[in-house]
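If you read the protein sequences in the order shown, they are chains A and B. Oh and the first sequence: position 58 is 58 in our numbering, straight run, nothing missing. To convert, take the position in the second sequence, counting from 1, and add 1000; that gives our numbering. Beta carbons are placed, not taken as given, at the ideal position from N, Cα and C, and that holds for glycine. What follows is a set of notes on a single structure, which appears directly below.
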Amino acid sequence: MKNLKMKAARVERDMKQEDLAKAVGVTRQTIGLIEAGDYNPTLNLCVAICKTLGKTLDELFWEGAQ
Amino acid sequence: MKKQTETDERVVQERRRVQSDACQLLVLGLLLAALIQQIFLHAPLAQYGVELAAALLAGGYVTVRNLLEGNGTSSVYGAKKTLLGALVSGVLAAVLVITLADFDAVEALIFFLCFVPVCFITIQGISWLNVRRRKALDRTLDDE
Chain A
1 MKNLKMKAAR
11 VERDMKQEDL
21 AKAVGVTRQT
31 IGLIEAGDYN
41 PTLNLCVAIC
51 KTLGKTLDEL
61 FWEGAQ
Chain B
1001 MKKQTETDER
1011 VVQERRRVQS
1021 DACQLLVLGL
1031 LLAALIQQIF
1041 LHAPLAQYGV
1051 ELAAALLAGG
1061 YVTVRNLLEG
1071 NGTSSVYGAK
1081 KTLLGALVSG
1091 VLAAVLVITL
1101 ADFDAVEALI
1111 FFLCFVPVCF
1121 ITIQGISWLN
1131 VRRRKALDRT
1141 LDDE
């Protein structure tokens, strides 16, 4: 399932996939795969992405969250 | 750029998966090479011994390492289940030695009688050690 919430949060922050990737220490492909729903990140990476985007885990990764 | 790639968990994970697959293919190749030389080419042990030893050592390493790490979800196999497995393996192995290694019936029977207890003890022992290791891990986690 695509992670549109993460993509929206990234765009909201005016960040490209490459910028986010650099900030959390992964490759751009990994960010792209997470947003496309083709890679299941570890909790550590989820937390790093949340901190960078200023969101909580619920807001970005919980399927039922608004 | 190089550092970034090395710390990417997905890349590391994929790299490990590829290496694991390559290792499995290598062991399978070694085993096949040894079997082909032994069965079809009737080569002496000295010719395929290194391949066979490497394949067996690799298999042993995987088993022991998993055992020490406490990997596995099954409980200790019941004696009946293990015995059944050993008997089936023994029959298959006996058929193989009769057809491929030209054993006669008496030799095959002796082979079968030696094979079954060794197989039974090995499977039961590995299972017991694995469960023991997992219980030790559980105790450590309970203490924390």
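- The beta carbon of Ile34/A sits closer than 7 Å to those of Asn3, Met6 and Pro41, all from its chain and outside the five residues before and after it, given in chain order.
- Assigned with DSSP and collapsed to three states, Ala8/A falls in helix.
- For Tyr1048/B, the enclosing alpha helix (DSSP H) begins and ends at Leu1045 to Glu1069.
- Counting the other Cβ atoms within 10 Å of the Cβ of Cys1114/B gives fewer than 16, which makes it exposed.
- With 16 or more neighbouring CB atoms inside 10 Å of its own CB, Gln1124/B falls in the buried class.
- Between Ala1055/B and Leu1030/B, the gap from beta carbon to beta carbon is short of 8 Å.
- By the CB criterion at 8 Å, Asp1008/B and Thr30/A fall inside the cutoff.
- The way I'd put it, the stretch 13 to 22 of chain A does touch the stretch 52 to 62 of chain A; three or more beta-carbon pairs between them come closer than 8 Å.
- Residues of the same chain with a CB within less than 6 Å of the CB of Ala48/A, apart from the 5 flanking positions on each side, are Val24 in chain order.
- With its beta carbon less than 8 Å from one in chain A, Asp1008/B belongs to the interface.
- Collapsing the DSSP output to three states places Asp19/A in a helix.
- Counting along the chain, Thr1140/B sits inside the alpha helix (DSSP H) bounded by residues Ala1105 to Asp1143.
- The continuous stretches of alpha helix (DSSP H) do not include Gln1037/B, and DSSP gives it neither H nor E.
- 8 Å or more divides the Cβ of Phe1120/B from the Cβ of Ala1094/B.
- Chain B places a beta carbon closer than 8 Å to that of Val26/A, counting this residue as a contact.
- Listed along chain B, the residues sitting closer than 7 Å to Thr42/A by beta-carbon distance are Glu1009.
- Chain order gives no chain B residues near Thr52/A, where near means a beta carbon separation below 8 Å; the closest approach is about 15 Å.
- Taking the C-beta atoms as reference points, Leu1067/B is found no nearer than 8 Å to Arg1016/B.
- In the three-state reduction of the DSSP assignment, Asn3/A falls in the coil class.
- In the displayed model, Asp58/A falls within a helix according to three-state DSSP.
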